[in-house]
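Residue numbers (this note's numbering), protein chains in the order written: chain A, 1 to 582; chain B, 583 to 1164.
Contents: one structure, followed by commentary.
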């Protein structure tokens, strides 16, 4: 707003022009080129770290985007464009995807039971819920485009269709969603990969674009400025390469759960769980060890020369067995002869049910998992550690530079880490000695329980490193099970009962304070301790600034948020930062 | 050991004579009477607080105890003698008890699923597990005599019998156990109430006994010395009277769960849970409110003149509905026509199953419970608060002196308490004003989550009091679900992975530190704040000493441990204390 009065131009009111992430980078680049601002100013003040990941997502072709009219608009819950056939249940999403179909999962809201269908979908569309709803949080975490809370859409789940403004979309009909601006199209629109993605893959046209030039120039400045190193959470060679291409300086969290899954391994894993003596258990480990060694070979090769923090098995064992209720129903129906089973099959099912029953827990998050598993099943961690050390030794012999770090999860007393280390370190040393290679393998722990945080001084005496597992630390500090609070988190946000969603941004007064205690007392007890974070907060700009402030050495986040973390940690050092995540 | 050499008597070695709790008190009394020690020395150094509760338990008649030979000996896991018929499953214990039989539950080990049978039993006998096994911890918590780890006993669960040294005990045969010394008798032995118990009930012979005189004299000294007040955890008028007789100075925790149970209330509670609109929900509250008012009338009358801290409803709603697996099996069998149900009945069951499914949680301990319920079901806490205020107003009008304090459980942010208080305080004030009575009702919160502890300063601004819920605080700080860690807690203790059982004695470096932070920062923010503890640790002598040291105002424990806490808190003040709990 302005007025001209007595020959003078008065600016009555100004407001910040809303720019897309693309515009931010291009404008900043032009201004630097024209000498209006310097590079540091551009990086510090003109770029929004929290929106950088948008630039890596596919977009709807520009001419189509201009020409087409959306049928609905919701919240831009997770950036990127996605095209697929409409499905209305998570099970359908999962099944259709298995058959090779690209699907958009349409739901009123999602809940944890829908996870398998969500991750199988190209995109997610909900008619209810905000940008912190279950659908939105999962979608962002998994890098899946999502539009949430598109309230004009009426979903008829039973009839498997939606209707909006007179248009009807039935199961199997095409949908296109744009999670960057929240638009929904009832047709199949052509998308194109993002310019940055194409440039990273080496496409020459993309490499000539102004956006890529801006990205290269400013990220170089950011990397020079930042103090924090940036690692990625990656579990496979594929994810590791992906992370490395985006500038990851190592893997901060390599989960090993998936190494216990898959047809080839299922029988051995079941044997490992059901075994009632050590010899049977060992047979299972003998099957798993060479397979897991192959897994580690691939990951260490992809990350050659960079550290890879491997977390030993964490989830409770019953996650590898059938669901208790389903199995109970199966057995009951078989016993009533409704379902015909051979006597032997029924006996086996009953035996399995007895084991599932035995392992069933009231609160599995607080049960037999993490280091407790390592103590309860002594051969398990030893097998994993052998596979790691064997893989590293083999690569080292070939002249490669593997840098594994072994991480024990869920430690809560110093003695747990001490005893595990006493058991496992000699296993590693023997393998390396036998292979004749010289390699230092660090042992450390997650700090993910409040008691571990306040007793960090004692624990640090037995640790080479700490990695803050802020997902579990937030769950236990708040007493919030992420799987369960979906039902009331919305109400909490609406009524401002929480300062912010503690699973998106680190809760500084509570969880942050526990971290601060652990950093100070851990370092005081062990000057060589190095510290990182591998919870999802590691990719949230506000949380990255906090991690910089309390003096962590690195943050680790999902691969596609690595550039976000690189920029945010530079802005943390440079002061005055534009880091809001959305 | 001694020797006489060159006419001199040399004491080579001495050891402390092991005395029973009874002997401790009587010897100390005699020594004071003879002027060998003074009263303070007796109370400070000669009495073991942790063993005082033994003196309140029934004992086997002295002449029988001398004459009879035990068939087995195990660990003295929970003091007192118990007589009953042997049963071998928790379900049998429960059923037999319902029919009016006195039973001893015999198991190899117990687990949380056995709870209903354990509390229905006179005593518990296990052949495995130590003094911190599930059976032992529950038995002590509930005041049920128990002998654990009687390893010479062979239990045949299927045949429902045990055999030991050639003796066989079948289901329904008599057993007597003595949890004070760990002995087991394969017959029905006569027991007698403890002298102290009889004296408290006014029996004149007991009142003339030396033990009672010692108890009266020394507890008077203890009460004069101690700084901590001692309250009890009691949920009914009966328990309240019991607590008062043992010297409780109020109720620190009155749980309200049981006010939602019982035939008369079950239908209303189900309606409250299943209601899909506020009008239906309100109808349920209208049924429950007058019944709950009666409950509070009884408790406030029993505790006339003393504070009663009422905890609003805490457990998740699905605890009031059928088990998910059982209901799923029922529905599956009915649908397969194995079990014949009328169409309408089946529909109802299916509807109920849908609701149970909806409310089912992955980790109920960290789900929709405590204050979250109060926020989610706005009418619920208002109904409870009306019942409390109505009962208090009625008694006040009759010239009585009710002192209710309203406690909101599971608070984790200041805003939760602030908003609940803003909703509920006017409800109380209106009722008291309408009744024309002058009464100050305090509002406070449990501190039972780590975040609440480190953010206590903010929370204290909205609280009149804090009560440490150290059960849940220990569960979340350690990430230990009490229901689930039974399986590995034994292994942890064996391998010294834990300093002590954190559910028996407060873990000072972890949980204790969180408490200390909350005390200091809570008091700094609100000088009028009063502070107590209502976890089971409130009756553990070592924990009582810790609570004294960090400056709590009171401890609250189960009624039969009130004398223990009175003595322990005196010893805490007097220094050099003999407080070990066992």
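Don't be surprised by glycine CBs; every beta carbon is placed ideally from N, CA and C.
The beta strand (DSSP E) enclosing residue 465 (chain A), as first and last residue numbers: That run of the beta strand (DSSP E) goes 465 to 468.
Cβ shell of residue 1027 (chain B) (< 7 Å), same chain only, five flanking positions each side left out: Here the set comprises 989, 990, 993, 999, 1041, 1045 and 1048.
Exposed unless 16 or more other CB atoms sit within 10 angstroms - verdict on residue 845 (chain B): With fewer than 16 Cβ atoms within 10 Å of its Cβ, residue 845 (chain B) is classed as exposed.
Alpha carbon of residue 50 (chain A) to alpha carbon of residue 945 (chain B), nearest angstrom: Rounded to whole angstroms, residue 50 (chain A) to residue 945 (chain B) spans 32 Å at the Cα level.
Any C-beta of chain B under 8 Å from that of residue 451 (chain A): When Cβ-Cβ separations below 8 Å define contact, residue 451 (chain A) makes contact with chain B.
Test: residue 700 (chain B) CB closer than 8 Å to a CB of chain A: Chain A has no Cβ within less than 8 Å of the Cβ of residue 700 (chain B).
Partner residues on chain B for residue 530 (chain A), Cβ-Cβ distance less than 9 Å: By Cβ distance, chain B contributes nothing, its closest Cβ being about 24 Å from residue 530 (chain A), past 9 Å.
Distance between residue 453 (chain A) and residue 240 (chain A) (C-alpha atoms, nearest Å): Going by the C-alpha atoms only, they are around 29 Å apart.
Residue 968 (chain B) - DSSP class collapsed to helix/strand/coil: Note: residue 968 (chain B) maps to helix in three-state DSSP.
In DSSP terms, what residue 658 (chain B) is bridged to: Answer is B:729.
Alpha carbon of residue 1159 (chain B) to alpha carbon of residue 627 (chain B), nearest angstrom: Because the pLDDT at residue 1159 (chain B) is just 45, under 50, the model does not fix this residue reliably, and the point stays unresolved.
Segments of 4+ residues assigned as alpha helix (DSSP H) that fall wholly inside the stretch 682 to 751 of chain B: Along the length of the stretch 682 to 751 of chain B, whole alpha helix (DSSP H) runs at least 4 residues long occupy 697 to 700 and 716 to 724, reported in chain order.
Member of A:242, A:189 and A:207 whose CA lies at the smallest distance from the CA of residue 85 (chain A): When only C-alpha atoms are compared, the closest one is A:189.
For residue 118 (chain A), the nearest candidate out of A:20, A:204, A:33 and A:106 (CA to CA): Of the residues A:20, A:204, A:33 and A:106, the one whose Cα lies closest to the Cα of residue 118 (chain A) is A:106.
Alpha helix (DSSP H) segments (min. 4 residues) lying fully within the stretch 378 to 440 of chain A: The stretch 378 to 440 of chain A contains these whole alpha helix (DSSP H) runs: 378 to 397 and 414 to 435.
Minimum C-alpha distance to residue 437 (chain A) - residue among A:321, A:108, A:394 and A:138: Shortest Cα-Cα distance from residue 437 (chain A) to any of A:321, A:108, A:394 and A:138 involves A:394.
Proximal residues of chain B, C-beta to C-beta of residue 416 (chain A) below 7 Å: Correct list: 1079.
Euclidean distance between Cα positions of residue 871 (chain B) and residue 734 (chain B): Residue 871 (chain B) and residue 734 (chain B) have their alpha carbons spaced roughly 53 Å apart.
Interface flag, residue 815 (chain B) vs chain A, CB-CB below 8 Å: So no, residue 815 (chain B) is outside the interface.
Any chain B beta carbon closer than 8 Å to residue 506 (chain A): Among the residues facing chain B, residue 506 (chain A) is not included, as its CB has no counterpart in that chain under 8 Å away.
Cβ pair residue 423 (chain A), residue 382 (chain A) closer than 8 Å: With a cutoff of 8 Å on beta-carbon distance, residue 423 (chain A) and residue 382 (chain A) are scored as near each other.
Which of helix, strand or coil DSSP assigns to residue 446 (chain A): Residue 446 (chain A) falls in the strand class under three-state DSSP.
Option in A:60, A:563, A:523 and A:526 with minimal Cα separation from residue 540 (chain A): For residue 540 (chain A), the nearest C-alpha among the options comes from A:563.
Residue 547 (chain A) - DSSP class collapsed to helix/strand/coil: Note: residue 547 (chain A) maps to helix in three-state DSSP.
Of the listed residues B:1053, B:691, B:914 and B:1038, nearest to residue 1086 (chain B) (C-alpha basis): That would be B:1053, whose Cα lies nearest to the Cα of residue 1086 (chain B).
Alpha helix (DSSP H) segments (min. 4 residues) lying fully within the stretch 190 to 224 of chain A: Within the stretch 190 to 224 of chain A, the alpha helix (DSSP H) runs of at least 4 residues that lie entirely inside it are, in chain order, 195 to 200 and 204 to 208.
First and last residue of the uninterrupted alpha helix (DSSP H) at residue 880 (chain B): For residue 880 (chain B), the uninterrupted alpha helix (DSSP H) segment begins and ends at 860 to 884.
Proximity of residue 396 (chain A) and residue 301 (chain A) at Cβ, strictly below 8 Å: Their beta carbons are not under 8 Å apart, which means residue 396 (chain A) does not touch residue 301 (chain A) by this criterion.
CA nearest to the CA of residue 75 (chain A), picked from A:33, A:29 and A:184: Among A:33, A:29 and A:184, the Cα nearest to that of residue 75 (chain A) belongs to A:184.
Contacts that residue 409 (chain A) makes with chain B (C-beta to C-beta distance below 7 Å): Listed along chain B is no residue with a C-beta nearer than 7 Å to that of residue 409 (chain A); the closest approach is about 11 Å.
Cβ contact (3+ pairs, closer than 8 Å) linking the stretch 58 to 66 of chain A and the stretch 124 to 132 of chain A: With a cut-off of 8 Å, the stretch 124 to 132 of chain A and the stretch 58 to 66 of chain A do not count as touching, because too few Cβ pairs lie within range.
Contact list for the stretch 664 to 694 of chain B against chain A, Cβ threshold 7 Å: Result list: 694.
Residue 1059 (chain B) at chain A interface by Cβ criterion, 8 Å: For residue 1059 (chain B), the answer is yes, since a Cβ of chain A falls inside 8 Å of its Cβ.
Straight-line Cα distance separating residue 141 (chain A) from residue 4 (chain A): Straight-line measurement puts the Cα of residue 141 (chain A) at about 50 Å from the Cα of residue 4 (chain A).
Unbroken beta strand (DSSP E) run spanning residue 889 (chain B), endpoints: Boundaries of the beta strand (DSSP E) around residue 889 (chain B): 889 to 893.
Interface flag, residue 363 (chain A) vs chain B, CB-CB below 8 Å: Among the CB atoms of chain B, one or more fall inside 8 Å of the CB of residue 363 (chain A).
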